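Undergrad: Below you'll find the structure I mean.
2 protein chains.
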Amino acid sequence: MGRKREFDEEKALDAAMQVFWKKGYHATSLSDLTTNMELQRPSIYSAFGDKEKLFEAALRNYTKLHISHIRSKLQHNKSVKNAIRLFFEDLVEGEYQGNQNKGCFCINTMVELAPHDEKFEILTREHQMYLSVLFQEMIQKGIQSGEFHKDLDAKALAQTLVVSLIGITVLMKSRPERSFIDNAITSTLSLLK
Amino acid sequence: MGRKREFDEEKALDAAMQVFWKKGYHATSLSDLTTNMELQRPSIYSAFGDKEKLFEAALRNYTKLHISHIRSKLQHNKSVKNAIRLFFEDLVEGEYQGNQNKGCFCINTMVELAPHDEKFEILTREHQMYLSVLFQEMIQKGIQSGEFHKDLDAKALAQTLVVSLIGITVLMKSRPERSFIDNAITSTLSLLK
DNA sequence: TAATTTTCATACCGATTGGTATGAAAATTC
DNA sequence: GAATTTTCATACCAATCGGTATGAAAATTA
Chain A
712 MGRKREFDEE KALDAAMQVF WKKGYHATSL SDLTTNMELQ RPSIYSAFGD
762 KEKLFEAALR NYTKLHISHI RSKLQHNKSV KNAIRLFFED LVEGEYQGNQ
812 NKGCFCINTM VELAPHDEKF EILTREHQMY LSVLFQEMIQ KGIQSGEFHK
862 DLDAKALAQT LVVSLIGITV LMKSRPERSF IDNAITSTLS LLK
Chain B
712 MGRKREFDEE KALDAAMQVF WKKGYHATSL SDLTTNMELQ RPSIYSAFGD
762 KEKLFEAALR NYTKLHISHI RSKLQHNKSV KNAIRLFFED LVEGEYQGNQ
812 NKGCFCINTM VELAPHDEKF EILTREHQMY LSVLFQEMIQ KGIQSGEFHK
862 DLDAKALAQT LVVSLIGITV LMKSRPERSF IDNAITSTLS LLK
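Read top to bottom, the protein sequences are chains A and B.
Numbering (the numbering used here) for the first sequence: 712 to 904.
Numbering (the numbering used here) for the second sequence: 712 to 904.
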């Protein structure tokens, strides 16, 4: 009975994610959203709730995509160290190639909202925890295969990689000389041995 | 001729810095500013110009204070490595003690405004460059005194410290377990040898 | 004290904010 | 095809946004 929903909810959420990712929460207006989602205000409100609920849905969508993206980047490789190096280098390459610089949606939110809203403090923290577990599993694999020294502290190093990843992502927003980033990557990866 | 300015311009700027530091640019309203600066709107506009000009003045005020703060923290110590370690540990201690979590005003701005305004891209980049030079001088001092191995790459390591500093500052906004941060610091500082 | 000059507080400006009431169009079911 | 039900677009809402015009109060100079 009645009409079916005309718009693709997933596509609309992706569009919202792009806008929030690029502009952040406060700088994004409802007008920005209606334009980019190609939806009118009442459609947005009936489908996603208010602006904050939509933002949360967009962020959860992002973290899910981000995890699977990183997972696939890290897996296809024989050397663990090379896989991690390639992951970092691709990250830098992508950011320096494109002309816009959105960084990481989750990190942006950690800066903008986490200190003012516990919901986002938890959401962003859990994402970083998840990433560190991913790295930790990789390093442990490297230890088991003999690629890394066996008394390496996998957990501590994984957490260091996450900190480095955050630092690099944020610093790139100020577009420093590329060697600055490259040096940081090289130094950090030299801990894996 | 005429009255003298009744308010302390420096105090007002400090108050503005605190508000922008805590809430960011977009989330701070003129009402927030008048309340915290204890000034009426026309006084703010005549003294500092519009909201963006005031923000820029507040940020420049911050970077100046920040540099001298770091300078003094790094100098009074015999061992370079200990000085740097103490600097990082105090940073973490301060953030975990207090209940609010403002992080670094310059890093917040790098995330919120640098990608959308070249003026702030440059301003924040130059601050990070300055910090890396500070660290580099410290490391070179450590090399000369024999504390560090002489073929250490002082510049690359200094840049790595800046990346790590940024990563730690940002990650702390999501309040992860303290060991997460401590591990990252220990690993990073193990590069200084 | 009179004249002058600047500061600061009130009150207001149009524009935009996030959010919603209303009603027509469209698609389903009977 | 008629009745029903939901979607979506227009138009609007109060509140707040950044910014300013106006005028009284205050402090200086003469």
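Ideal Cβ positions, reconstructed from N, Cα and C, are used throughout, including at glycine.
All values derive from a computational prediction rather than experimental measurement.
1. Looking at the C-beta of Val822 (chain B), does it have a partner C-beta in chain A at a distance below 8 angstroms?
2. List in chain order: all unbroken alpha helix (DSSP H) runs of 4+ residues lying wholly within the region 790-868 of chain A.
3. Kindly indicate if chain B contains any beta-carbon less than 8 angstroms away from that of Val791 (chain A).
4. Taking any Cβ of chain B, which residues in the region 837-850 of chain A have a Cβ under 9 angstroms from it, in chain order?
5. Just how far apart, CA to CA, sit Ser843 (chain A) and Leu872 (chain A)?
6. What did DSSP end up calling Tyr736 (chain A) once you bin it into helix, strand or coil?
7. Taking 8 angstroms as the threshold (C-beta atoms), are Leu900 (chain B) and Ile795 (chain B) in contact?
8. Can you confirm whether His777 (chain A), when its beta carbon is compared against all beta carbons of chain B, has any partner nearer than 8 angstroms?
9. Are any of the Cβ atoms in chain A nearer than 8 angstroms to that of Gln751 (chain B)?
10. Mind checking the region 853-884 of chain A against chain B and listing, in chain order, the residues whose C-beta falls within less than 8 angstroms of any C-beta there?
11. Please list the partners that Thr897 (chain A) has in chain B, where partner means a Cβ-to-Cβ separation under 8 angstroms.
12. Taking 7 angstroms as the limit between beta carbons, can you name the residues of its chain near Ala727 (chain A), skipping five residues before and five after?
13. Would you mind reading off the limits of the alpha helix (DSSP H) that contains Gln751 (chain A)?
14. Along chain A, which residues have their Cβ under 8 angstroms away from the Cβ of Leu902 (chain B)?
15. Determine whether the Cβ of Asn747 (chain B) lies closer than 8 angstroms to any Cβ atom of chain A.
16. Within the same chain, show all residues whose beta-carbon is closer than 7 angstroms to that of His774 (chain B), passing over the 5 residues directly before and after it, in chain order.
17. In the structure shown, what three-state DSSP assignment does Lys764 (chain A) receive?
18. For the region 760-771 of chain A, which residues have a CB atom closer than 9 angstroms to at least one CB atom of chain B, in sequence order?
19. Name the residue from B:Ile850, B:Thr820, B:Ser742 and B:Leu876 whose alpha carbon lies nearest to the alpha carbon of Leu834 (chain B).
TA: By the coordinates alone:
1. The residue given as residue 822 (chain B) occupies position 111 in the second sequence. Yes, because at least one Cβ of chain A sits closer than 8 angstroms to the Cβ of Val822 (chain B).
2. Within the region 790-868 of chain A, the complete alpha helix (DSSP H) runs of at least 4 residues are 791-808, 816-823 and 829-855.
3. On the first sequence, residue 791 (chain A) is found 80 positions in, with the first residue counted as 1. Answer no: the Cβ-Cβ gap between Val791 (chain A) and chain B never drops below 8 angstroms.
4. Listed in sequence order: Glu837, His838, Gln839, Met840 and Ser843.
5. Sequence index remark: in the first sequence, residue 843 (chain A) carries index 132 (1-based). Sequence index remark: in the first sequence, residue 872 (chain A) carries index 161 (1-based). Counting only the Cα atoms, Leu872 (chain A) lies some 8 angstroms from Ser843 (chain A).
6. Here the question's residue 736 (chain A) lines up with position 25 in the first sequence. Here Tyr736 (chain A) sits in coil by DSSP.
7. Locating residue 795 (chain B) in the second sequence gives position 84, where the first residue counts as 1. Locating residue 900 (chain B) in the second sequence gives position 189, where the first residue counts as 1. With respect to the 8 angstroms criterion, Ile795 (chain B) and Leu900 (chain B) are classified as neighbours on the basis of their beta carbons.
8. What you label residue 777 (chain A) is simply residue 66 of the first sequence in a count that begins at 1. With its beta carbon at least 8 angstroms from every one in chain B, His777 (chain A) lies outside the interface.
9. Position 40 of the second sequence, counting from 1, holds the residue named residue 751 (chain B). Taking Cβ atoms only, chain A never reaches closer than 8 angstroms to Gln751 (chain B), which makes this a no.
10. Within the region 853-884 of chain A, the qualifying residues are Asp864, Lys866, Ala867, Leu868, Gln870, Thr871, Val873, Val874, Ser875, Leu876, Ile877, Gly878, Ile879, Val881, Leu882 and Lys884.
11. On the first sequence, position 186 is the one that residue 897 (chain A) refers to. Chain B residues near Thr897 (chain A): Ala867.
12. For this step, residue 727 (chain A) is matched to residue 16 along the first sequence. Only Leu744, Met748, Leu765 and Ala769 meet the Cβ criterion.
13. In the first sequence, residue 751 (chain A) corresponds to position 40, counting from 1. First-last for Gln751 (chain A): undefined, no H or E at that position.
14. In the second sequence, the residue the question calls residue 902 (chain B) occupies position 191. Using a Cβ-Cβ cut-off of 8 angstroms, Leu902 (chain B) is close to Ser898, Ser901 and Leu902 of chain A, given in chain order.
15. Numbered from 1 along the second sequence, position 36 holds the residue referred to as residue 747 (chain B). No, Asn747 (chain B) lies away from the interface with chain A (no Cβ there is under 8 angstroms from its Cβ).
16. Locating residue 774 (chain B) in the second sequence gives position 63, where the first residue counts as 1. First, the amino acid is wrong: residue 774 (chain B) is Thr here, not His. Cβ neighbours of Thr774 (chain B) within its own chain (closer than 7 angstroms, five residues either side excluded): Cys817 and His838.
17. As a first step, residue 764 (chain A) must be located in the first sequence, where it is residue number 53. Helix at Lys764 (chain A).
18. With the criterion set as a beta carbon lying under 9 angstroms from some beta carbon of chain B, the region 760-771 of chain A has no members that meet it.
19. Here the question's residue 834 (chain B) lines up with position 123 in the second sequence. Ranking the options by Cα distance to Leu834 (chain B), first place goes to B:Thr820.
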